[in-house]
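Novice: This structure is in C-alpha cells; I'll ask about it shortly.
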Amino acid sequence: MRRPLQVILLALSGLGLLHASLFTDMCLRYVKPGMRPLLVVSGFVLLVLAVAEAATRDSHTRGGGSYGAGPHGGEPRGVGPHGAGPHDPGPHGADPHSAVPHGTEPHDAEPHDAEPHGHDHSAVPRVAWLLLLPALSLLFYAPPALGAYTASRQPAKVVAERDGFDPLPRTSPLPITLTDFTTRVQQDRSLAIKGRTVQMSGLVTPVAGGGSWDLTRIIISCCAADAQSVKVRIYGSTVPPADTWVSVTGNWHPGGKLGTRSAPVAVDAQTVKRIRKPSNGYQDALPFPSG
0 MRRPLQVILL ALSGLGLLHA SLFTDMCLRY VKPGMRPLLV VSGFVLLVLA
50 VAEAATRDSH TRGGGSYGAG PHGGEPRGVG PHGAGPHDPG PHGADPHSAV
100 PHGTEPHDAE PHDAEPHGHD HSAVPRVAWL LLLPALSLLF YAPPALGAYT
150 ASRQPAKVVA ERDGFDPLPR TSPLPITLTD FTTRVQQDRS LAIKGRTVQM
200 SGLVTPVAGG GSWDLTRIII SCCAADAQSV KVRIYGSTVP PADTWVSVTG
250 NWHPGGKLGT RSAPVAVDAQ TVKRIRKPSN GYQDALPFPS G
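Printed below as a string of C-alpha cells:
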C-alpha cells in the first residue's frame, strides 16, 4: 500500500473515532460508556501516526529517495563508476561477458541482481480502497443503535440461576427490571410475584402473528458485537411502533407453573406509556419516568 493512502486511512480513522467519542455521543450506540476514554485515546494515536507517516514521506521525498539506484543504494544498475554501460568494456578494456563461462546464462552469473518480472509491488491492491468506507462512515453516516431489528433475530438471554430471593418491597406498582422479573417468574418458589402489579421499561419489539409484542432490553458486556436481549412478552395492549421506548404496568400473565421454567415470562398490560429515549439503553435498569 502506498504511503499517501496509509496517511489518508490513518487520518480518517482517527478523525472518525474522535467525532464519535469526543465531540458526539455516537459511540454509545456501539460500546459501553466505560470504553469511551479508550476510543478518544485511540483517535489521537491514529492522528499522531498519520502525521508521523506524512512527515516521514516528506523527508524521504526531499532526500531524493533512491530512484534509479541499484539494489544497495549505490549507483544505477548497469552503470559503472566511470559511466560505463552494461556492454562497454571495463576500465582496462575487458569485456565483462568474457568472464562468463560458455553455457552459463547471465542470471546465473549475477543472482543478486535478478529482479522478478511482471510484479509491481508499489501498486495499491484495489481491495485496499474499501478500507476507506468504514473510516468515512464514522464521519458521515454511522449505523443506528441496536434495536428491535436485532432483538427480533436472537433468542432471549438465558438468565443466571439464583439460590435465593429477598422479600419484594410492598411498593405498588413494583419497579423491576426485565431480568429480575424473569428470575422471579421462573425460579422463585415462594411465588412472591403472584398477584403483584409490576412496572418495567424497554423498547418495543414486534413479534410474528400480532396480538402481542416483546418489551426488550439489549445488554452489552463490551460492545455491540456481544449484545444479548432480555424480553418480556406483553399481552392486552395494542402494539406500539417498533423501537419505541415505553413503560409498562401490569401483572404476570398466568400459564404453566409459577416458579419453574414452564411459567411464561409475560405480562398482562394495564397501561403502556411512551417514555424518553435514554442516552444509553444498553443496560437492564429500573423503569424510566414517563415523558
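Position 36 (the sequence shown) corresponds to 35 in numbering that gives the first Met the number 0; numbering is contiguous. Note that CB positions come from ideal geometry on N, CA and C, so glycine has one too.
Taking only runs that begin and end inside the segment 133-176, name each unbroken beta strand (DSSP E) of 3 or more residues, in chain order.
Specialist: Segments of the beta strand (DSSP E) lying fully in the segment 133-176: there are none.
Novice: Counting only beta-carbon separations shorter than 8 Å, does T237 have a partner in chain C?
Specialist: Any reference to chain C falls outside this structure, which holds one protein chain only.
Novice: DSSP three-state label for L129, please.
Specialist: L129: helix per DSSP, three-state reduction.
Novice: Quick check on F22: buried or exposed, where buried means 16 or more other Cβ atoms within 10 Å of its Cβ?
Specialist: Exposed is the call here.
Novice: Return helix, strand or coil for S28, following the three-state DSSP convention.
Specialist: Rather than Ser, the amino acid found at residue 28 in this sequence is Arg. Looking at R28 - three-state DSSP - the assignment turns out to be helix.
Novice: Flag this pair as yes or no: are the beta carbons of S261 and I233 separated by less than 8 Å?
Specialist: Result no, Cβ atoms of S261 and I233 do not sit closer than 8 Å.
Novice: Please classify D267 as buried or exposed, where buried requires at least 16 other C-beta atoms within 10 Å of its C-beta.
Specialist: By the neighbour-count rule (16 or more Cβ atoms within 10 Å), D267 is not buried but exposed.
Novice: Measure the alpha-carbon distance for Q198 versus P240 and round it to whole angstroms.
Specialist: So the two alpha carbons sit approximately 20 Å from each other.
Novice: Just the Cα atoms here: how many angstroms apart are F164 and V47?
Specialist: The alpha-carbon atoms of F164 and V47 are separated by roughly 53 Å.
Novice: If you draw a straight line from the alpha carbon of T170 to that of F180, how long is it in whole angstroms?
Specialist: Looking at the two C-alpha atoms, the distance is approximately 15 Å.
Novice: Could you tell me which residues DSSP pairs with C221 in its beta bridges?
Specialist: In the DSSP output, where bridge partners are listed per residue, C221 has none listed.
Novice: From this set, N250, P263 and L137, which residue's C-alpha is nearest L27's C-alpha?
Specialist: With distances taken between Cα atoms, L27 lies closest to L137.
Novice: Spell out a yes or no on whether the segment 183-190 and the segment 205-221 are touching, meaning 3 or more CB-CB pairs, one atom from each, closer than 8 Å.
Specialist: No: fewer than three Cβ pairs fall under 8 Å.
Novice: Where do the N-terminal and C-terminal ends of the beta strand (DSSP E) with D292 fall, by residue?
Specialist: Lying before the first or after the last residue shown, residue 292 is absent from the chain, which here runs from 0 to 290.
Novice: With H, G and I counted as helix, E and B as strand and the rest as coil, what does DSSP make of T215?
Specialist: The answer is strand: DSSP assigns T215 an E or B state.
Novice: For E160, I'd like the list of residues in its chain whose CB is within less than 8 Å of its CB, leaving aside the five on either flank, ordered along the chain.
Specialist: Around E160: Q186.
Novice: Comparing C-alpha positions only, which one of P253, S228 and D24 sits nearest to G292?
Specialist: Residue 292 falls outside the range modelled here, since the chain spans only 0 to 290, and no answer is possible.
Novice: Hey, how far is the Cα of P310 from the Cα of P174?
Specialist: No information on residue 310 is available, as it lies outside the stretch 0 to 290 that the chain covers here.
Novice: Taking L8 as the reference, which of A127, S200 and V30 has the closest Cα?
Specialist: Checking every option, the nearest Cα to that of L8 belongs to A127.
Novice: Would you mind giving the Cβ-Cβ distance between A150 and T204, rounded to the nearest angstrom? I have them listed as a contact below 8 Å.
Specialist: The pair is a contact, with the Cβ atoms about 5 Å apart (cut-off 8 Å).
Novice: From this set, V264, W244, V6 and G15, which residue's C-alpha is nearest R275's C-alpha?
Specialist: Checking every option, the nearest Cα to that of R275 belongs to W244.
Novice: Quick one: Cα of T103 to Cα of R125, how far?
Specialist: Residue placement at T103 is flagged as unreliable, the pLDDT there being 48, under the threshold of 50; a coordinate-derived value is accordingly withheld.
Novice: Determine the contact status of L11 and A134, defining contact as a CB-CB distance below 8 Å.
Specialist: Yes, Cβ-Cβ distance for L11 and A134 is below 8 Å.
Novice: Do you know how far the Cα of K256 is from the Cα of S200?
Specialist: Near 25 Å, if we compare the C-alpha coordinates of K256 and S200.
Novice: Would you identify the three-state DSSP class for L257, choosing helix, strand or coil?
Specialist: DSSP places L257 in coil when its eight states are reduced to three.
Novice: Counting C-beta neighbours from all protein chains within 10 Å, is the total for V44 16 or more, i.e. buried, or is it exposed?
Specialist: Result: exposed.
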